[in-house]
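K.L.:
Let me begin by handing over the structure; questions about it come next.
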Amino acid sequence: MEKADAHTHRDDIAAKIGMWLFLFTEMFLFVGLFLVYSIYRFRNAEAFHQAAEELSTFMGTMNTVILLISSMTVAMSITSIQKGDKKLTLILLGSTIFLALLFLVNKYFEWGAKIGHGLYPGSPYLIDLGPGDTLFFGLYFFMTGLHAFHIIVGMIILGFVYHRVATERIHATDFVFLENGGLYWHLVDLIWIFLFPLFYLIT
Amino acid sequence: MTQEEPHIVPYKTYIYILLALLVLTGISVAVTSIELGALTVTVALFLASVKSFLVLSYFMHLKFDNKIFAIMLIGILAIIIIVILITFLDYYYR
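What follows is the structure, given as structure tokens:
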């Protein structure tokens, strides 16, 4: 056992309980939004059906695949740090951050196309379409936007994790920071797993 | 040290889980492209739940970690389901 470990109090289980409690608050945030979406969909079934047809299933599927792969790479990085393979851990974390960036680039083009078609909150075209479409696109931009914001936060967190692995503050016997960063990233993936069918698939 | 012996998940497990998640994604895209009416929503949400279960148990290590995390999550999911049910019942019987 290293000397430092004998003196510093460390409790990985407690650290992870703290992280999970935070993730629960995040779940409540999105569950609230899913409820708003469901109720409005229930009350504006026809408009939501028409509006959802506008979204590109291809783009949505691409982003789903990207996020699923990035979730796997970050999960694998825990195995590699446990095995003491620092280089592979950095490669896996780097790939995760790269895939996150790719997700955002996709989102940029997707949002760009919508805005280019005059579909953005408060646009004259949307006002002409009526309240149902306005609600759908309002929720679409807000919920995917809030999710994209979580992607950005996740990239920053994983950036810190990367730095700590590189400077060997995260290593084979102390990697709870990496685990918690990974948990956050998986939550972002989980939210997308529900956002994707609700917005892109159910038409 | 009072830390538990960490469980090392083999890389292969993660690859299998990813493949399962991709297949489930493919199925949900294919199924929802067929017009099934109300059934579409049910199928899509069911597949999303299966995917979440895989992510939570394997990627998020709930299957291998201390059971306290899984127990906490089950409690939270129960609260979430109750909130959703009550809201829907309220709207349905208005």
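Protein chains in written order, with our numbering: chain A, 1 to 203; chain B, 1001 to 1094. Backbone N, C-alpha and C fix where the C-beta goes; we use that ideal spot for every residue, glycine too.
For residue 1023 of chain B, go through chain A and note every residue whose CB falls closer than 8 Å to its CB, in chain order.
P.N.:
Near residue 1023 of chain B there are no residues of chain A at all, since even the closest Cβ is about 11 Å away, more than 8 Å.
K.L.:
Which residue wins for smallest C-alpha separation from residue 86 of chain A, given the options A:193, A:163, A:59?
P.N.:
Selected option, being the one with the closest Cα: A:163.
K.L.:
Can a CB atom of chain A be found closer than 9 Å to the CB of residue 1044 of chain B?
P.N.:
Residue 1044 of chain B counts as touching chain A.
K.L.:
Just checking my contact of residue 80 of chain A with residue 92 of chain A at CB under 8 Å: how many whole Å lie between their CB atoms?
P.N.:
The C-beta distance from residue 80 of chain A to residue 92 of chain A rounds to 6 Å, short enough to meet the 8 Å contact threshold.
K.L.:
DSSP puts residue 174 of chain A in a beta bridge; with which residues?
P.N.:
A:171
K.L.:
Among residues of its own chain, excluding the 5 on either side of residue 41 of chain A, which ones have a beta-carbon nearer than 7 Å to its beta-carbon?
P.N.:
48
K.L.:
Could you tell me whether the region 105-124 of chain A touches the region 163-179 of chain A, using the rule of 3 or more Cβ pairs below 8 Å?
P.N.:
no
K.L.:
Work out the CA separation of residue 27 of chain A and residue 1071 of chain B for me, nearest whole Å.
P.N.:
16 Å
K.L.:
List, from N- to C-terminal side, the alpha helix (DSSP H) runs of 4 residues or more that fit wholly inside the region 115-160 of chain A.
P.N.:
Runs found: 124-129.
K.L.:
If you count every other CB in all the chains shown that lies within 10 Å of the CB of residue 105 of chain A, and 16 or more means buried, which is it?
P.N.:
exposed
K.L.:
What did DSSP end up calling residue 44 of chain A once you bin it into helix, strand or coil?
P.N.:
In the structure shown, residue 44 of chain A sits in coil (DSSP, three-state: anything other than H, G, I, E or B).
K.L.:
Does the separation of the CB atoms of residue 30 of chain A and residue 157 of chain A fall below 9 Å?
P.N.:
no
K.L.:
Three or more beta-carbon pairs under 8 Å between the region 179-189 of chain A and the region 1010-1020 of chain B, yes or no?
P.N.:
no
K.L.:
Compare the C-beta of residue 1078 of chain B with all C-beta atoms of chain A and state if any pair is closer than 9 Å.
P.N.:
no
K.L.:
In this structure, how does DSSP classify residue 73 of chain A when only helix, strand and coil are distinguished?
P.N.:
The answer is helix: DSSP assigns residue 73 of chain A an H, G or I state.
K.L.:
Please state whether DSSP places residue 1060 of chain B in a helix, a strand or coil.
P.N.:
coil
K.L.:
Can you give me the C-alpha to C-alpha distance between residue 1083 of chain B and residue 37 of chain A, rounded to a whole angstrom?
P.N.:
15 Å
K.L.:
Could you tell me the distance, in whole angstroms, from the CA atom of residue 147 of chain A to the CA atom of residue 155 of chain A?
P.N.:
12 Å
K.L.:
Counting only the same chain and skipping the five closest in sequence on each side, list residues whose C-beta sits under 6 Å from that of residue 60 of chain A.
P.N.:
196, 200
K.L.:
So, with DSSP's three-state summary, where would you put residue 2 of chain A?
P.N.:
At residue 2 of chain A, the pLDDT of 49 sits below 50, so the modelled position is not reliable; the number obtained from the coordinates is stated separately. Of the three classes helix, strand and coil, the one that applies to residue 2 of chain A here is coil, per DSSP.
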